[in-house]
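Structure record follows, encoded as structure tokens.
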Amino acid sequence: FAEAGPALAEAGLLVYAYDQRGFGAAPHTGLWAGGDRLTGDLTDAATLLRARHPGLPLYLLGESMGGAVVLAALDGPRPPETEGVILVAPAVWARATMPLGQRVALWLSARLIPWARFSGRGLGIQASDNIEMLRGLGRDPLFIKETRVDAVFGLVNLMDAAYQAAPRLQSDALLLYGEKDQVVPAEPTFDFWRRLPPEAAARQRRALYAEGWHMLLRDLQAQVVIDDIAAWTRDREMPLPSAAEAYAAAALAGEADQEAEQASAGSEGCTEAAC
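Just so you know, we're using my numbering here: the sequence shown kicks off at 44 and counts up by one.
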């Protein structure tokens, strides 16, 4: 949030960002603290900020894994009190949306070599179009460049909880995703969107950015996303400044049409008994 924090502050928001356990300058870097601790820390932080600023509305912004923490916390036994949540490319790539081979490989690795560390080198995954920023992360000593297997296993458990929370999410929400995201796939993201409760649809806004990557708040077009976030916090009913909401609606409608066409094609030539 080195760039996004000041930009949001310039738009009139008071921003607090903290390093989660095991990340950044927090203790035990690289070790997985557990989903319960991470969600508990979020609720504690929200409670403290409520007490410090009793007259201000409180919004929780979670990016990637942080989005999963927000979702799991809201669905947990001690949900934070908030006016709304902003989920930026939330990590909802749950086991239910993963190939069987991937799930089996993770299960075996977590039991046989939980201490092993792996980097993302060689996977061909690009997190952003802001190359200079990515190079800066490579030089940052606080940025984790190799992740333990047991931490990946813990993250997937957290993503399971976040994904499963979708039908019960009642908070006002702004859900943001980049069409060029190579880290969290589109399929589980759109599936998560579709599984949100229908009765909350008017309060839960979806935005899809055609030029957005995974790191939406640090991409080259980050200001577009930041302007949308600031506008939503000022008035959660007004349209976003960008065209990202309409683009998201069109993308979801296109997927639904494609699924209908596939179902229709699959049933052609069936006898009544076979169908």
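All residues carry an ideal CB built from backbone N, CA and C; glycine is no exception.
Beta strand (DSSP E) segment containing residue i, residue limits
i: residue 124; result: Neither: residue 124 is in no beta strand (DSSP E) and is coded neither H nor E.
i: residue 98; result: Unbroken run through residue 98: none, as it is neither H nor E.
Continuous alpha helix (DSSP H) stretch holding residue i: start and end
i: residue 149; result: 143-155
i: residue 248; result: Residue 248 -> not in any alpha helix (DSSP H); beta strand (DSSP E) instead, spanning 247-252.
i: residue 194; result: 192-207
i: residue 53; result: 47-53
i: residue 117; result: 108-117
i: residue 178; result: 174-182
Buried/exposed call for residue i, threshold 16 Cβ in 10 Å
i: residue 247; result: buried
i: residue 75; result: buried
i: residue 171; result: buried
i: residue 224; result: buried
i: residue 126; result: exposed
i: residue 220; result: buried
i: residue 259; result: buried
i: residue 134; result: buried
i: residue 242; result: exposed
i: residue 215; result: buried
i: residue 62; result: exposed
i: residue 318; result: Caution applies to residue 318, whose pLDDT of 31 falls short of 50 and renders its modelled position unreliable; the model cannot decide the point.
i: residue 60; result: exposed
i: residue 320; result: The chain is shown from 44 up to 318; residue 320 falls before or after that span and cannot be answered.
i: residue 255; result: buried
Proximity test, residue i beta-carbon vs the ligand SAH heavy atom, cut-off 7 Å
i: residue 281; result: You won't find the ligand SAH in this model; it holds no ligand whatsoever.
Assumed close pair residue i, residue j - CB separation to whole angstroms, cut-off 8 Å
i: residue 274; j: residue 47; result: The pair is not a contact, with the Cβ atoms about 15 Å apart (cut-off 8 Å).
i: residue 112; j: residue 130; result: The pair is not a contact, with the Cβ atoms about 10 Å apart (cut-off 8 Å).
i: residue 121; j: residue 83; result: 7 Å
i: residue 222; j: residue 198; result: No, residue 222 and residue 198 are not in contact; Cβ-Cβ is about 23 Å, not under 8 Å.
i: residue 295; j: residue 233; result: 6 Å
i: residue 149; j: residue 186; result: Residue 149 to residue 186, Cβ: 23 Å. No contact.
i: residue 249; j: residue 218; result: 5 Å
i: residue 173; j: residue 56; result: 22 Å between Cβ atoms; not a contact.
| said: At 4 residues or longer, what runs of the alpha helix (DSSP H) sit wholly inside the stretch 210-280? | reply: As for any alpha helix (DSSP H) of minimum length 4 sitting wholly inside the stretch 210-280, the runs are 229-237, 265-277, ordered along the chain.
| field | Cβ contact check for the stretch 191-204 and the stretch 145-154: 3 or more pairs under 8 Å | value | yes
| Does the stretch 193-213 come within contact of the stretch 93-102, defined as at least 3 CB pairs closer than 8 Å? | Short answer: they don't touch.
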